[in-house]
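A short worksheet on the structure shown next.
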Amino acid sequence: MVKKSTRLLALAAAALLSLPLQAQTPRNGGELVFPVPSEPPSYDGHREETFGLIHPIAPFYNTLLRVDPNDRSGTKPHPSLAESWTVSQDGKTYTFKLRRGVKFHDGSDLTSKDVKASYDKIIFPPPGVGSTRKGQYADVEKVEAPDPGTVVFRLKEPSGSFLASLLSPYNFIYKADILAKDPHWYEKNIMGSGPFTFVEHVKGSHVLGKKNPNYWDKGKPYLDGFRAIFMRESAAQVAAVRGERAHIQFRGFTPKDRDNLKSALGDKITVQESPWDCILMVAINHEKKPFDDKRVRRALTLALDRHTGSKALSQIAIVKSIAGVQVPGTPFATPPEELNKLAGYWTDAEKSRAEAKKLLKEAGVPEGFSFTFKNRGIPMPYEPLGVWMIDQWRRIGLNVRQEVIEAAAYFGVVRKGDFEVAMDFQCGYIVEPDLDMYKFLSSDRNPANYGRYKDPVLDQLYDQQSRETNVEKRKQIIRQFEKRLLEEEAHYLMTLQWHRIIPHSSKVKGWTITPSHYLNNTLDTVWLTE
Amino acid sequence: MAYYILKRLLAMIPTLLGVAVLIFLLLRVVPGDVVEARYLTQGSQFQSQDLMDLERKKLGLDQPLWKQFTSWMAGIARLDFGLSMWTGAPITEEIKLRFALSLQLAIMASLIAQVLAIPLGILAAVKQDTWVDYAVRVFSIAGLATPSFWLGILMILTMLIVFKWIPPMVFTPLWVNPWENLAQLIWPALAVGYRYSAVGTRMMRSAMLEVLREDYIRTARAKGLWLKLILARHALKNAILPVLTVMSLEFAFLLGGLVVTEQVFNLNGLGMLFVEAISHRDYTLTQALVMLVATFFLFVNFFVDIAYAWIDPRIRYR
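Sequence lines, in order, name chains L and Y.
Every position in the first sequence, counted from 1, becomes a number in this note's numbering once 6 is added.
Every position in the second sequence, counted from 1, becomes a number in this note's numbering once 3 is added.
Structure representation (structure tokens):
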């Protein structure tokens with residue numbers, strides 16, 4: 007009797023222990039449905055910049071490398087078409103060994119010739135062909151394909167960011183023969199080697215993909231297919247998830263949407279959250295007085311009580327973390343205790359404001375000085391952040407008028423320098439210092455520096471960190487860059503890091519949030535429980 | 004009559020030309036262009052002036068304005084509206100896709116509006132100052148005061164909360180699956196049709212009240228003619244003319260003006276296309292859409308005028 011009950015207990019324990027394992031065993035089948043708030047203008051990843059291309063089109067393609075689909079920081083390189091890679095001693099030659107037996111959807115073999123042709127199109131586009139990411143590969147001297155299974159990138163200088171730049175989800179590998187005949191072919195056609203094959207795109211409506219039965223990663227994808235539905239209105243996207251007509255929206259919802267979905271659907275909704283690799287910054291026009299004076303700029307950053315702001319704004323807007331030049335929690339980010347030493351990041355708001363008032367007085371800026379803050383006509387999160395900053399600046403005696411400019415017209419205004427202080431923003435496909443800090447280089451090196459300043463010291467620090475392959479040394483240089491940019495010169499002000507909130511159907515498994523809404527959209531690891 | 008029709012048709016040409024000049028210039032006065040919308044709005048770190056110049060050249064935006072205008076006009080003369088600057092697809096293809104949905108929605112909303120407006124308007128006029136009249140007036144004033152998109156949001160929320168159901172998100176043509184098609188379009192048609200019917204009801208009521216006070220109606224009543232016959236044969240024909248004008252213009256508006264309602268119900272219609280074309284600064288597509296809607300308005304007006312003569316034989320055009 008004792009023996010029998012012991013055996014029963016053991017069986018019950020074994021069954022209980024095996025439950026989580028069974029629950030995590032991917033299930034084959036089903037169609038993943040997701041709304042996409044934007045539609046791709048063309049299908050060419052080398053040419054476009056919108057996530058509206060990545061979400062519905064990335065599942066049709068492979069890239070040379072990808073980020074580890076389980077890495078929440080979205081920064082770890084992971085094999086994709088390249089099985090392995092080596093870096094030469096001098097850091098100038100990267101050799102990639104390609105996976106054998108990979109086929110395009112038309113049945114032809116994918117070889118190093120295709121990788122070379124794709125990267126040549128990105129880095130050295132032929133006349134008349136646009137490549138939006140060409141500037142990221144300025145260090146690349148040439149791409150070689152010595153044999154069908156090997157690709158070699160030769161750089162002019164060693165680079166700390168080169169490997170990360172190959173993680174770009176936009177760098178689809180196209181077929182060399184097609185590119186040779188017509189480099190524009192991929193703008194209007196889709197033919198890759200990805201886990202899903204293209205079925206249809208009804209403009210303004212949806213993109214349909216079905217499982218690639220010959221996918222090189224055997225057993226994947228788990229889904230039978232996917233349906234990406236273009237849906238501009240966020241209320242409609244939330245209703246789609248709430249009405250269980252859609253499983254997930256990969257860009258992000260607001261805190262209020264998250265709370266509404268959670269209270270309506272309870273356990274049927276799983277929420278994943280992460281700091282988001284997008285940030286609103288304040289561009290201060292150095293060509294306008296009194297903003298050419300760094301004391302005034304520093305007063306503007308000191309006025310912002312980021313710690314209280316974070317707590318309040320994160321309840322109503324898609325912002326949360328206090329950040330420097332890197333997304334908090336990622337490898338090169340400054341730890342909070344160190345960041346809080348920078349002017350404007352102090353935890354004592356009264357001390358900051360007193361210092362700000364003192365600096366304004368020294369700079370000869372009178373109490374009640376007024377200026378115009380130009381904001382972009384997009385409600386979330388531009389509007390709440392704009393209102394918050396105006397209130398913060400009022401507390402140091404500045405009188406700020408907000409002028410909201412229609413979203414598409416906005417960049418024409420800031421590029422011309424027709425502003426005193428303006429909202430600016432940046433979104434990256436991956437958290438990487440070279441990409442995230444390029445924005446702040448002198449205006450003669452980067453036209454996207456709307457502060458219109460020239461700072462050779464900052465440029466030098468950028469170049470130094472870019473060449474540095476030792477991670478710890480690179481971190482130190484990045485700290486110096488950050489201190490100069492945000493405190494010493496206060497060229498730009500950081501507001502709060504965006505916060506990505508993905509409430510999705512609990513049926514969706516195998517998808518991990520990252521700070522970038524451009525990553526993890528190949529859908530090969532995603533599966534549905536029912 | 005034939006002369007009148009020809010005159011009206013010819014008069015459309017300068018009107019459309021005026022619209023063309025106006026929209027062409029207005030679009031270029033607004034800051035930003037399609038290249039900026041494509042390459043600057045995503046917040047990417049690397050911006051290349053060379054790339055932007057290349058794209059502008061490809062789209063012909065580096066040409067002088069008069070050249071851009073004449074080549075657009077020459078295209079229209081050949082019924083070639085060109086390519087969308089945003090997608091590179093033929094504009095006729097972009098519009099054709101959305102036209103079926105918008106037209107069906109406009110027809111459904113019009114039918115709902117007319118089925119409600121005409122009988123309710125007559126009833127309110129006949130039963131003036133009774134509870135029936137008050138009820139109809141409350142119904143129509145509420146319709147005027149309620150934006151269609153807001154009613155649409157309420158409908159969706161009610162369906163979600165009460166029935167745990169929302170309409171399909173992808174358009175299915177009527178001939179492919181009528182049930183699926185109606186399940187998607189009946190709700191926006193009701194939301195839009197209600198507001199539309201409110202305008203018609205009020206117009207119908209006031210026009211009918213005016214006609215019912217006419218001498219010939221009093222004479223008809225005095226000689227003991229049956230009320231339904233008086234209304235149908237004598238009053239309605241005279242009262243319907245202003246209603247017809249208002250409802251026709253509303254119908255023309257529905258074709259491209261349901262922007263927010265289309266967003267709420269995620270309908271892939273002309274209204275959404277309009278908004279996207281403007282926000283992308285897609286000049287060619289916006290111009291084509293404006294021309295389409297302007298032509299539609301002109302033709303609706305034209306047919307209404309012709310219908311006037313058919314309904315009221317006293318009206319003769321020369």
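The C-beta atom is built at its ideal place from N, Cα and C for all residues, glycine as well.
Using a threshold of 7 Å, state whether the C-beta atoms of residue i and residue j are closer than that.
i, j, result
"G155(Y)", "V267(Y)", "yes"
"V293(Y)", "I26(Y)", "yes"
"V146(L)", "F102(L)", "no"
"I128(L)", "S118(L)", "no"
"H505(L)", "W282(L)", "yes"
"A349(L)", "L308(L)", "yes"
"F84(Y)", "A255(Y)", "no"
"P227(L)", "D530(L)", "yes"
"L430(L)", "M287(L)", "The identity of residue 430(L) in the sequence shown is Asp, whereas the question assumes Leu. Yes. Within cutoff."
"V1(Y)", "D285(Y)", "Nothing about residue 1(Y) can be reported from this structure: the residues present for chain Y run from 4 to 321 only."
"L492(L)", "F446(L)", "no"
"H456(L)", "V420(L)", "The sequence shown places Tyr at residue 456(L), rather than the His named in the question. Against a cut-off of 7 Å, the Cβ pair of V420(L) and Y456(L) comes out as a contact."
"D299(L)", "A369(L)", "yes"
"S522(L)", "G80(L)", "yes"
"R264(L)", "P509(L)", "yes"
"I290(L)", "R303(L)", "yes"
"G35(L)", "D230(L)", "yes"
"L547(L)", "Q482(L)", "Nothing in the structure corresponds to residue 547(L), since chain L is present only between 7 and 536."
"S448(L)", "D465(L)", "yes"
"S511(L)", "G166(L)", "no"
Using C-beta distances below 7 Å, list every residue in its chain close to residue i, excluding the 5 sequence neighbours before and after it, in chain order.
i, result
"Q408(L)", "F379, N381, G392, I396"
"R238(L)", "P43"
"E193(L)", "S48, Y49, D50, R53"
"E536(L)", "K513"
"R140(Y)", "A127"
"F204(L)", "F66, I196, G215"
Any Cβ of chain A within less than 7 Å of the Cβ of residue i?
i, result
"F130(L)", "This model lacks chain A altogether; the protein chains it does include are L and Y."
Report, in whole angstroms, the separation of the C-beta atoms of residue i and residue j, which I expect to be a contact under 8 Å.
i, j, result
"F178(L)", "S124(L)", "7 Å"
"G330(L)", "E163(L)", "Their Cβ separation, rounded to whole angstroms, is 26 Å, which puts G330(L) and E163(L) out of contact at 8 Å."
"L251(Y)", "I115(Y)", "Inspection of the sequence shows that residue 251(Y) is occupied by Ser rather than by Leu. Not quite, the Cβ-Cβ distance comes to about 16 Å (not below 8 Å), so this is no contact."
"V39(L)", "R251(L)", "7 Å"
"D442(L)", "Q332(L)", "6 Å"
"A194(Y)", "L108(Y)", "With a Cβ gap of about 10 Å, A194(Y) and L108(Y) do not count as contacting."
"I540(L)", "P41(L)", "Here chain L comprises residues numbered 7 to 536, so residue 540(L) is not present and cannot be evaluated."
Tell me which same chain residues have a C-beta within less than 6 Å of the C-beta of residue i, skipping the five on either side of it?
i, result
"Q28(L)", "Note that Q28(L) scores a pLDDT of 46, beneath 50, so its modelled location is shaky and nothing firm can be said."
"Y176(L)", "G51"
"N526(L)", "P75, T520"
"S199(L)", "N68, V108, F110, L116"
"Y524(L)", "F57, I60, P175, Y435"
"P26(L)", "Below a pLDDT of 50, predicted positions are generally treated as unreliable, and P26(L), at 44, falls in that range; the measurement from the model is reported next regardless. Correct list: empty, nothing qualifies."
"F3(Y)", "Residue 3(Y) cannot be examined here, being either before or after the span of chain Y that is shown, 4 to 321."
"S358(L)", "L308, W352"
"K148(L)", "R160"
Within the same chain, show all residues whose beta-carbon is closer than 8 Å to that of residue i, passing over the 5 residues directly before and after it, in chain order.
i, result
"I16(Y)", "none"
"L147(Y)", "R198, A201, V202, R205"
"I169(Y)", "I159, M162, L163"
"T149(Y)", "Y197, R198"
"G155(L)", "K103, L104, R106, T117, S118"
Cα-Cα, which of the options is closest to residue i?
i, options, result
"P132(L)", "G155(L), G141(L), K181(L), D188(L)", "D188(L)"
"P296(L)", "F375(L), G113(L), G200(L)", "F375(L)"
"I507(L)", "S316(L), A323(L), I384(L), N527(L)", "A323(L)"
"W352(L)", "H84(L), F417(L), R312(L)", "R312(L)"
"L19(Y)", "A312(Y), L295(Y), N304(Y), D315(Y)", "L295(Y)"
"Q95(L)", "N220(L), N476(L), R485(L)", "N476(L)"
"L244(Y)", "R236(Y), R216(Y), D218(Y), A210(Y)", "A210(Y)"
"Y143(L)", "E253(Y), L258(Y), L157(Y), F49(Y)", "F49(Y)"
"S105(Y)", "K10(Y), M275(Y), R216(Y)", "M275(Y)"
Where are the beta strand (DSSP E) runs, 3 residues long or more, that stay fully inside the segment 199–235 of chain L, in chain order? Entirely contained in the segment 199–235 of chain L, the beta strand (DSSP E) runs reaching 3 residues are, in chain order, 202–208, 212–217.
Unbroken stretches of the alpha helix (DSSP H), 4 residues or longer, contained in the segment 234–310 of chain L: Every alpha helix (DSSP H) stretch that sits fully inside the segment 234–310 of chain L and reaches 4 residues is listed by chain position as 240–248, 261–271, 300–308.
Contained beta strand (DSSP E) runs [length at least 3] in the segment 182–261 of chain Y, N- to C-terminal order: If we require 3 residues or more, the segment 182–261 of chain Y turns out to have no beta strand (DSSP E) run fully inside it.
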